[in-house]
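*Asks:* First the structure, which I've put down as C-alpha cells, then a few questions once you've had a look.
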Amino acid sequence: MEQAFDLNRFIAAQDPVYAAVTAELRAGRKQTHWMWFIFPQIAGLGRSDMAQRYGIASLDEARAYLAHTVLGQRLRQCTALVLEAKDKSADAIFGYPDTLKFHSCMTLFCHAAPEDTETLFQKALERFYGGRQDEQTVAALENQRDGERR
C-alpha cells in the first residue's frame, strides 16, 4: 500500500526536520515551515506546490498513512504534543492559515480512523474547534464517495 501512495515523500520531508518540529510543538508555537507534511490535509484544498505535493488523495491514502509504522506514529505524537499545549488556541500554536490546515488534517484523520484512540484526532477537534469538523474536508470526502458510487 505504501508504494501505491508514495508515502516516502512524507518521510523524506519529515526526517531532516522532525526533531525541530517536536521541539516547536513542545514549546507551543510553530516557528518553521513543515505544516504540509506533518499535518497533511485532503488534496485539493491548497493551491501551493507544497499543498499539492503533500495533499492526501483519498481516505485510503489517509488510512495507509496512519498504518505506516513511522508516519502514523509521528502524526499521533505530534497531535498529542499539540493537545499538551495548555491554555493555547490552535491559532496561537500554528498561526493563520496553518490553524486551518490543522483543522482539515484532524477532520481527515477522524474519518480515516474513527476507532483510533477514541480518537486523538476527535479530541483535537473538540479542544480547538468546538468539535466541529472542517466543512471543506468533509465536502471533499463526500465528493470522493459520490464519485465511487457512479
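Here our numbering is used: the first residue of the sequence shown is 1326, the next is one more, and so on. Idealized CB from N, CA, C, for every residue including glycine. Please read all numbers here as calculations on a predicted model, not as lab measurements.
Which residue from Asp1471, Gly1353, Tyr1379, Thr1444 puts its Cα closest to that of Leu1332?
*Replies:* As a working note, residue 1332 is residue 7 in the sequence shown. Leu1332 has its Cα closest to that of Tyr1379, out of Asp1471, Gly1353, Tyr1379, Thr1444.
*Asks:* Buried or exposed: which applies to Met1326, given that a residue is buried once 16 or more other Cβ atoms fall within 10 Å of its Cβ?
*Replies:* Counting from 1 along the sequence shown, the entry for residue 1326 is found at position 1. Residue placement at Met1326 is poorly supported in this model, since its pLDDT is 44, which falls under 50; the coordinates still yield a value, given next. Exposed, since its Cβ has fewer than 16 Cβ neighbours within 10 Å.
*Asks:* Taking the C-alpha atoms as reference points, what is the distance between Thr1347 and Tyr1390?
*Replies:* In the sequence shown, residue 1347 corresponds to position 22, counting from 1. In the sequence shown, residue 1390 corresponds to position 65, counting from 1. So the alpha carbons of these two residues sit roughly 19 angstroms apart.
*Asks:* Could you check the C-alpha separation between Tyr1454 and Gln1339 for me, to the nearest Å?
*Replies:* For the purposes of this step, residue 1454 is taken as the residue at position 129 of the sequence shown. For the purposes of this step, residue 1339 is taken as the residue at position 14 of the sequence shown. Near 26 angstroms, if we compare the C-alpha coordinates of Gln1339 and Tyr1454.
*Asks:* Find out if the Cβ-Cβ distance for the pair Trp1361, Val1342 is shorter than 8 angstroms.
*Replies:* Counted from its first residue, the sequence shown places residue 1361 at position 36. Counted from its first residue, the sequence shown places residue 1342 at position 17. No.
*Asks:* Check whether the stretch 1363-1373 and the stretch 1465-1472 touch, using three or more Cβ-Cβ pairs below 8 angstroms as the test.
*Replies:* As far as the Cβ criterion goes, the stretch 1363-1373 touches the stretch 1465-1472, which means the pair count is three or higher.
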